[in-house]
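There are 2 protein chains.
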Amino acid sequence: MNAEIIAVGTELLLGDILNSNAQYLSRELAGLGIGVYYQTCVGDNADRLFSAYEIAFGRADIVITTGGLGPTEDDLTKETAARYFGRELVMHDETMARIEEIFSSQGLTMIESNRKQALIPEGAQVLPNDNGTAPGILLEADGKIMIMIPGPPNELIPMFGKQVAPELAKRSGQTFVSTVMRLCGIGESSAEGRIKDLIDAQTNPTIAPYAKSFEVHFRLTAASGSREEGLAMIEPLKAELYKRFGQDIYAEDSTTMEATVCRLMAEQNLKLATAESCTGGVLASRIVDHPGASAVFLDGTITYSNDAKIARLGVKPETLEKFGAVSSETALEMAEGAARTSGADVGLSITGVAGPDGGSDEKPVGRVYIGVQAFGKSSAIEVNLKGDRDKIRARSAAIALDFLRRTLLNRG
Amino acid sequence: MNAEIIAVGTELLLGDILNSNAQYLSRELAGLGIGVYYQTCVGDNADRLFSAYEIAFGRADIVITTGGLGPTEDDLTKETAARYFGRELVMHDETMARIEEIFSSQGLTMIESNRKQALIPEGAQVLPNDNGTAPGILLEADGKIMIMIPGPPNELIPMFGKQVAPELAKRSGQTFVSTVMRLCGIGESSAEGRIKDLIDAQTNPTIAPYAKSFEVHFRLTAASGSREEGLAMIEPLKAELYKRFGQDIYAEDSTTMEATVCRLMAEQNLKLATAESCTGGVLASRIVDHPGASAVFLDGTITYSNDAKIARLGVKPETLEKFGAVSSETALEMAEGAARTSGADVGLSITGVAGPDGGSDEKPVGRVYIGVQAFGKSSAIEVNLKGDRDKIRARSAAIALDFLRRTLLNRG
């Protein structure tokens with residue numbers, strides 16, 4: 000089975016909005032074992048939309064549209080589908096009642112044009128919308144399936160997950176189970192090189208590497224008759240990856256690096272303080288991204304100036320003078336100072352040259368020092384990063400979190 | 000003239016990456032007065048790619064492809080274009096020399112497959128790439144224009160702006176000049192409502208509102224014979240917008256809020272210190288995003304715990320006890336403490352409930368207090384934000400920067 004995605008809306012063609020729905024749907028369809036060979040964007044124009052349907056159904060069994068189900072005259076997805084399949088649009092009373100209920104519960108009067116949203120091509124299946132007025136529609140005819148989903152992601156994502164995916168899984172007859180192994184501290188080509196034999200030999204489960212921002216993810220997918228069977232098929236492959244990559248694997252599935260670090264800190268009953276220079280809060284901000292951060296994160300300082308490094312963290316003026324603000328010596332004193340001045344158990348620091356200015360022959364743009372103070376000792380690493388200011392800052396924070404994670408794991 | 004955009008890459012069809020290039024190109028083409036009726040995504044497959052070219056050229060004068068210009072066998076954009084136009088691929092010596100130079104400057108040995116990137120369809124125009132090895136290509140034949148651009152946005156965006164846009168402008172015979180007015184502190188529908196008469200009456204120049212993350216942008220575009228003429232046509236509209244929106248307009252074109260705040264601080268020779276709680280570094284990180292931040296940004300603290308608020312900033316335990324950590328009183332003491340303990344002239348603070356936990360009936364998720372200490376007085380505002388944790392944090396930082404900007408503007 001293969002599918003095509005047609006995003007409908009002139010605002011997409013004007014570049015006013017980003018077509019994130021196509022990415023979401025493609026990924027979900029891949030997970031269901033349904034191939035996607037084309038995605039199309041077309042505006043709110045009946046003839047061009049009709050032509051897009053003709054082309055798509057000439058190539059695919061399933062066409063999924065997003066958008067164009069609103070109450071205005073510009074919304075033509077459903078009307079054009081009815082024309083394409085030669086069906087009448089008929090009033091769906093249940094949907095009409097649901098829409099009226101939404102309006103009255105908000106104390107609003109329904110306007111006439113909203114009645115249009117309750118019109119459904121004859122014989123089609125209605126996919127109720129828990130998060131908006133426009134229902135989704137599944138229309139099956141002549142061995143073809145057309146699925147129309149509202150455009151707003153907060154309506155589309157739950158509707159696809161709860162209603163469309165089960166319908167498609169039923170038709171594909173297979174269950175696809177995926178696990179993601181998340182790695183940090185290893186480059187994509189190196190990671191890929193070390194599993195080349197597994198990739199070459201793969202049939203079911205499959206293994207696919209993805210480069211994520213400063214991480215590498217392996218997605219393992221098994222196709223089988225049931226979820227349990229699929230998970231059992233993935234287990235040996237997971238064990239093999241743990242054998243090969245060990246601590247480079249920091250978590251599975253949707254667990255983030257910051258969540259992993261917070262968990263390790265909490266397990267060891269430790270409190271963290273950060274001290275940042277060039278990253279200017281990117282590190283602390285990533286930690287605080289994790290809702291559980293408050294249990295372990297005590298305090299952060301952004302000592303952007305030398306004065307602040309001295310006043311806030313007690314970095315010695317001689318150290319700054321002799322080795323410079325960007326040095327492992329300063330990184331160590333920042334980490335120690337962060338822990339000492341805040342009363343935290345662990346201090347984590349970053350100091351570096353994020354560019355575009357401030358680099359020198361001796362300390363070029365991209366030179367970053369990361370310090371950790373924990374368990375009565377401190378250590379620092381030097382890294383040399385490529386890219387623009389944002390990339391260097393984001394990457395520095397990622398490496399610092401990974402450095403802390405490894406320190407916590409190897410407390411010995 | 001109308002154009003189509005074809006994004007090439009199986010990774011798009013698997014949902015591994017987001018097609019942000021299509022949005023960028025659509026917006027830029029709209030700005031050039033070139034209509035886009037369809038966007039397509041297709042994988043790294045020669046036959047499907049060929050078919051996508053046929054369909055696109057059946058509908059449009061100009062086809063712009065993104066991606067598929069890399070050195071691997073999967074990269075087929077150029078090869079398929081050569082086949083479509085019946086051209087040979089020939090070695091472009093200048094490009095070959097440029098690629099060799101890139102490798103040798105990085106101390107790397109060029110691998111054989113990179114030679115493929117210097118092959119160009121006979122008679123095509125090469126668009127040199129300042130940020131990568133793959134050149135862009137412009138191929139003109141039979142009244143059709145094909146433009147191939149590398150996929151990475153950091154290569155695509157400068158190549159389009161510097162090389163492709165001027166070529167297209169030349170062919171469209173008109174010059175399009177755009178100015179963006181950037182507003183903060185006003186909602187999209189309210190902003191749009193206040194220019195409805197201008198939108199309804201627009202012909203040339205045109206005015207289009209865009210909702211950006213916590214900002215509203217108005218894009219003014221004039222079509223004329225020359226850049227100077229276009230700019231002169233835009234001036235009266237700009238003046239009208241300044242009259243209507245005043246200080247809600249914080250900058251023009253690509254000048255960011257953080258750059259505006261840093262400029263105002265530098266002009267008044269002031270140094271800034273920040274104190275954050277729920278935002279956890281998002282505010283400082285945005286300021287440090289601006290390369291000129293080091294001239295004005297002295298110090299930041301992320302006093303996530305009450306202990307840190309007391310120890311780092313001298314917030315009174317009684318204040319925390321009596322009013323709570325999320326209160327205007329605490330925000331004021333954080334702002335004062337940030338300035339006092341760092342020796343900065345201006346202190347800016349944020350404390351709030353970012354969620355998902357920690358809310359109460361009295362202080363629900365989304366309640367945020369922002370404090371400013373400047374020119375011998377301090378003031379705080381309360382805001383109540385909607386959205387998830389990330390949105391509340393990002394929005395809090397945006398409002399804090401705007402609050403500081405207005406404080407600096409109204410020093411008088």
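So the protein lines, in turn, are chains A and B.
Under numbering that gives the first Met the number 0, think of the first position of the first sequence as 0, with each following residue one higher.
Under numbering that gives the first Met the number 0, think of the first position of the second sequence as 0, with each following residue one higher.
Cβ coordinates follow ideal geometry from the N, Cα and C atoms, glycine included.
Could you check where the alpha helix (DSSP H) with residue i kicks off and where it finishes?
i        : result
A/Gly279 : Note, A/Gly279: premise wrong, no alpha helix (DSSP H); not H, not E.
A/Glu251 : Note, A/Glu251: premise wrong, no alpha helix (DSSP H); beta strand (DSSP E) at Ile248 to Glu251.
B/Leu155 : Pro152 to Met158
A/Phe402 : Arg388 to Leu408
On the CB-based measure, 16 or more other CB atoms within 10 Å of its CB, does residue i come out buried or exposed?
i        : result
B/Glu111 : exposed
B/Ala294 : exposed
B/Tyr36  : buried
A/Glu227 : exposed
B/Pro204 : buried
A/Ile349 : buried
B/Asn409 : exposed
A/Asn20  : buried
A/Leu68  : buried
B/Leu107 : exposed
A/Asn153 : exposed
B/Glu27  : buried
A/Asp247 : buried
Taking the alpha-carbon positions, what's the residue i to residue j distance?
i        : j        : result
B/Met90  : B/Ser284 : 46 angstroms
A/Leu13  : B/Glu3   : 12 angstroms
A/Lys211 : B/Gln38  : 26 angstroms
B/Gly313 : B/Met333 : 8 angstroms
B/Arg388 : A/Ser104 : 27 angstroms
B/Glu456 : B/Thr406 : A question about residue 456 of chain B goes unanswered here, because the residues of chain B that appear run from 0 up to 411.
B/Gly370 : A/Thr278 : 24 angstroms
B/Pro120 : B/Ile54  : 21 angstroms
B/Ala338 : B/Tyr241 : 33 angstroms
A/Ile61  : A/Ser50  : 16 angstroms
B/Arg97  : B/Ile136 : 15 angstroms
A/Gln116 : A/Thr65  : 15 angstroms
Starting from residue i, follow the beta strand (DSSP E) in both directions and report where the run begins and ends.
i        : result
A/Thr300 : Phe296 to Ile301
A/Met180 : Thr174 to Cys183
B/Met109 : From DSSP, B/Met109 is part of no beta strand (DSSP E); its letter is neither H nor E.
A/Gly351 : Val345 to Gly351
A/Asn383 : Lys376 to Asn383
A/Arg114 : Element bounds for A/Arg114: n/a, residue is neither H nor E.
B/Ile16  : Neither: B/Ile16 is in no beta strand (DSSP E) and is coded neither H nor E.
A/Thr220 : Glu214 to Ser223
A/Val125 : Gln124 to Leu126
B/Glu87  : First-last for B/Glu87: undefined, no H or E at that position.
With a Cβ-Cβ cutoff of 9 angstroms, do residue i and residue j count as a contact?
i        : j        : result
A/Ala80  : A/Met147 : yes
A/Gly336 : A/Ala274 : yes
A/Gln124 : A/Glu139 : yes
B/Ala373 : B/Leu282 : no
A/Glu239 : A/Leu297 : no
A/Arg392 : A/Val382 : no
A/Val364 : A/Gly150 : no
A/Gly262 : A/Glu214 : Correcting the residue type first, residue 262 of chain A is Arg in the shown sequence and not Gly. No, Cβ-Cβ distance for A/Arg262 and A/Glu214 is not below 9 angstroms.
A/Leu271 : A/Ile286 : yes
B/Cys40  : B/Leu11  : yes
A/Leu118 : A/Lys77  : yes
A/Asn417 : B/Gln22  : It is not possible to answer for residue 417 of chain A, since the shown part of chain A is limited to 0 through 411.
What residues in the stretch 9 to 28 of chain A have a beta carbon less than 9 angstroms from any beta carbon of chain B?
Against chain B - using a Cβ distance shorter than 9 angstroms - the residues of the stretch 9 to 28 of chain A are Leu11, Leu12, Leu13, Gly14, Asp15, Ile16, Leu17, Asn18, Ser19, Ala21, Gln22, Tyr23, Leu24, Ser25, Arg26, Glu27 and Leu28.
Any residues in the stretch 346 to 361 of chain B with a beta carbon nearer than 9 angstroms to a beta carbon of chain A? Which ones, in chain order?
Listed in sequence order: Ala353, Gly354, Pro355, Asp356 and Gly357.
Taking a cut of 8 angstroms between CB atoms, which residues from the stretch 65 to 81 of chain B lie near chain A?
Listed by position along the chain: nothing, the set is empty.
Report the residues of the stretch 292 to 307 of chain B with a CB closer than 9 angstroms to any CB of chain A, ordered along the chain.
Sequence-ordered contacts of the stretch 292 to 307 of chain B with chain A read Ala292, Ser293, Phe296, Leu297, Asp298, Gly299, Thr300, Ile301, Thr302, Tyr303, Ser304, Asp306 and Ala307 [C-beta pairs closer than 9 angstroms].
Would you list, in chain order, the members of the stretch 102 to 128 of chain B that have their beta-carbon closer than 8 angstroms to a beta-carbon of chain A?
Answer set for the stretch 102 to 128 of chain B: empty.
Listed in chain order, which residues of the stretch 198 to 221 of chain A have Cβ atoms closer than 7 angstroms to some Cβ of chain B?
Flagged, chain order: Tyr209.
Along the stretch 31 to 61 of chain A, where does the CB come closer than 9 angstroms to a CB of chain B? Name the residues.
Those would be Gly34, Val35, Tyr36, Tyr37, Gln38, Thr39, Cys40, Val41, Gly42, Asn44, Arg47, Ser50, Ala51, Ile54 and Arg58, in chain order.
Can you pull out the residues from the stretch 270 to 290 of chain A whose beta carbon lies closer than 9 angstroms to at least one beta carbon of chain B?
If the cut-off is 9 angstroms between Cβ atoms, the stretch 270 to 290 of chain A has Lys270, Ala272, Thr273, Glu275, Cys277, Thr278, Gly279, Gly280, Val281, Leu282, Ala283, Ser284, Arg285, Ile286, Val287, Asp288 and Pro290 near chain B.
Between the stretch 175 to 193 of chain B and chain A, which residues of the former have CB atoms less than 8 angstroms from a CB of the latter, in chain order?
Taking 8 angstroms as the cut-off between beta carbons, none of the residues of the stretch 175 to 193 of chain B comes near chain A.
Members of the stretch 325 to 342 of chain A near chain B, C-beta cut-off 9 angstroms
Listed by position, the residues of the stretch 325 to 342 of chain A near chain B (Cβ gap below 9 angstroms) are Thr340, Ser341 and Gly342.
Could you list the residues in the stretch 311 to 324 of chain B with a C-beta less than 8 angstroms from some C-beta on chain A, going in chain order?
Those would be Arg311, in chain order.
Selection of the stretch 386 to 398 of chain B by Cβ proximity to chain A, strictly under 8 angstroms:
Going along the stretch 386 to 398 of chain B in chain order, one finds Arg388, Asp389 and Arg392 with a Cβ nearer than 8 angstroms to chain A.
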